[in-house]
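Note that the sequence shown covers residues -29 to -1, 1 to 359 in mature numbering (1 follows the signal peptide of the UniProt record, and there is no 0).
Glycine is no exception: its CB is placed at the ideal position from the N, C-alpha and C atoms.
Only a predicted model underlies this, so the values are computations on that prediction, with no experimental measurement involved.
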Amino acid sequence: MKHKGWVIAGLVIAVALAAVLLAASGADAGKLEDALAKTPQGTGVGQIDQNAPKGFFGIPGAPSFFLLWPILWGIWVGWIFSSVGAFGGIMAGVGHITVFGLGDYARSFKDTNPVLNKLLTDSIRTSNQYLVGLSALISSTTYYRMGRLVLPLGVCLAAGGILGAYLIPVLTAGKISLREYIGYFGITVLVIGGFLFYETTPAGQKSKKAAKAAADAFEREHMGKGGGSATNHAAAGVQVKSWGASRISFTFYGVEFSFNPIIPIIGGFVIAAISAFIGVGGGFLYVPFLTSIAGLPMYIVAGTSALAVLISMITSIFTYMFVKGIPVDLSFIGVELIGIIIGSILGPMTSKKIPDIWLKRLFVVLALYVGIGYATKGFLGKSIFPGM
């Protein structure tokens, strides 16, 4: 019955997403058509060849894809986000910008039609957020059922994130070129990667005794370390002990944690603003906030981050599509979401078998590669790493 319930829930989510996409597409189509009508016709760079096969957005000569590749990339995006609570949007960006070639395609219109260049850039940002939003919905629900989501902390982060996720699309939509976007994207990721690298060193771990104790207890229970069993006891998950205006406390596997709700509200605003600007979910900022400032183990960070990301993604997507009229390619996004569902179901199941420190190290490796690659491509014109 449980599995049947999840299947029904998945179908309801899919229908709801399709309805939202279809409702928005009609209003946004005119904006794209106007931009395309003003683009020079021909076979040169930055021109549209009407005789070429149709691709992205149904535009002649635009990149096109074999259906399996978006599904496979969606699985990777869903798995990495639901495993560490971050990098879903960044990996979605890597896929859209580099793997599927949409970055170079948008850049080709920089001189011939800057409006189309920026419209496609905003579409990439919005498309990233659709993938992360669905992954966040699935993974946060799963982590809550597993006792690995700190609900009050996630709610505080989300509350602060609503304003930030609304303001940035309103202020920046149509004003950022692809090259600037890629450069800022890379620098932000690089800074966070360096910060998380410090967290994996002995010096960085000394101040995280509570997180280490909780992680050790979790690993004994789920990995059989130190003589523990591999049986999951729900009572050992997150247990909220007290709610208050100045302090909220909870335990995870017998270790107590507490926080002032004002701090995550402010943090949520800043994180959502930055993530909405670069078109990602913000998990790569929520994770270091939760591990470093809140001092939590990675095992409850992913679910808590996912909840905060979910709320900010709903706000940001609504703003981009319904307030600013940014279009998305319905057929392309729909195929990717199939992979997102698969990956987001697998992530929570596999992450509990991976040691806490290795989840952080996975985060760091991806952050350094993506950050350096896109920073150099955005500001120097060419990435020093292959594949970007």
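Residue i by DSSP, collapsed to three states: which one?
i, result
"V16", "coil"
"K295", "coil"
"I30", "coil"
"A205", "Because the pLDDT at A205 is just 48, under 50, the model does not fix this residue reliably, and the value given afterwards should be weighed accordingly. Correct three-state label for A205: helix."
"K353", "coil"
"Q210", "strand"
"I325", "coil"
"T83", "coil"
"M25", "With the sequence shown as reference, residue 25 is identified as Lys, and Met is not the correct amino acid for it. Strand at K25."
"F168", "helix"
"V70", "helix"
"F36", "coil"
"T222", "strand"
"S106", "helix"
"F189", "helix"
"S94", "helix"
"F58", "coil"
"S302", "helix"
"S229", "strand"
"G266", "coil"
"L124", "helix"
"M320", "helix"
"A216", "coil"
"M284", "helix"
"P11", "coil"
"G45", "helix"
"G253", "coil"
"R332", "helix"
"G310", "helix"
"V154", "Inspection of the sequence shows that residue 154 is occupied by Gly rather than by Val. Helix at G154."
For my contact list, residue i and residue j are in at a C-beta cut-off of 8 Å; report their separation, rounded to the angstrom.
i, j, result
"L38", "V306", "6 Å"
"I153", "Y340", "About 14 Å; that fails the 8 Å criterion."
"G157", "I343", "7 Å"
"I42", "I309", "5 Å"
"A130", "G45", "At roughly 29 Å, the Cβ-Cβ gap does not stay under 8 Å, so A130 and G45 are not in contact."
"F334", "F58", "7 Å"
"A279", "G135", "In fact, because the Cβ distance is near 11 Å, the residues do not count as touching under 8 Å."
"P326", "K2", "No, P326 and K2 are not in contact; Cβ-Cβ is about 48 Å, not under 8 Å."
Do residue i and residue j have their CB atoms nearer than 7 Å?
i, j, result
"residue 372", "A184", "Not covered by the structure: residue 372. The range shown for the chain is -29 to 359."
"S229", "V258", "no"
"T97", "Y291", "yes"
"F28", "D300", "yes"
"A244", "I139", "yes"
"D20", "P11", "no"
"T347", "Y137", "no"
"P235", "L128", "yes"
"L256", "I242", "yes"
"S54", "S322", "yes"
"P24", "F71", "no"
Leaving out the 5 sequence neighbours to the left and right, which residues in its chain are closer than 7 Å to residue i when beta-carbon positions are compared?
i, result
"L261", "L267, V272, T275, S276"
"M117", "G208, P319"
"M284", "Q100, V103, G104, A107, G252"
"R119", "G208, V209, Y270, I271, G274"
"I61", "V160, V251, F255, V341"
"I311", "G45, V48, G49, L102, L105, S106"
"residue 374", "Past the edges of the chain, shown from -29 to 359, lies residue 374, and the structure says nothing about it."
"S213", "I219, S220"
Note down, in chain order, each residue of its chain lying with its Cβ closer than 8 Å to the Cβ of residue i, except the 5 sequence neighbours on either side.
i, result
"A6", "N84, V86, L87, L90"
"D82", "G17"
"I355", "I343, G344, T347"
"K9", "N84, V86, L87"
"I237", "G131"
"V126", "L278"
"V162", "G342"
Please go through the same chain and pick out, in chain order, the residues whose beta-carbon is closer than 6 Å to the beta-carbon of residue i, but skip the five residues on each side of it.
i, result
"G56", "G254, V258, V272, A273, S276, A277"
"F223", "A185, V209, I271"
"I68", "G74"
"A265", "F230"
"T14", "D20"
"residue 361", "One cannot answer for residue 361 here, as it falls past the ends of the chain, which runs -29 to 359."
"F189", "Y224, Y270"
"V294", "none"
At least one CB of chain B closer than 7 Å to the CB of residue i: is that the case?
i, result
"E190", "Absent from the structure: chain B. Only one protein chain is present."
Open item on the list: Does the structure place the region 312 to 321 close enough to the region 161 to 168 that three or more beta carbon pairs sit under 8 Å?
Closed with: no
- [ ] Determine, using beta-carbon pairs with one atom in the region 100 to 120 and one in the region 32 to 50, whether at least three such pairs fall under 8 Å.
- [x] yes
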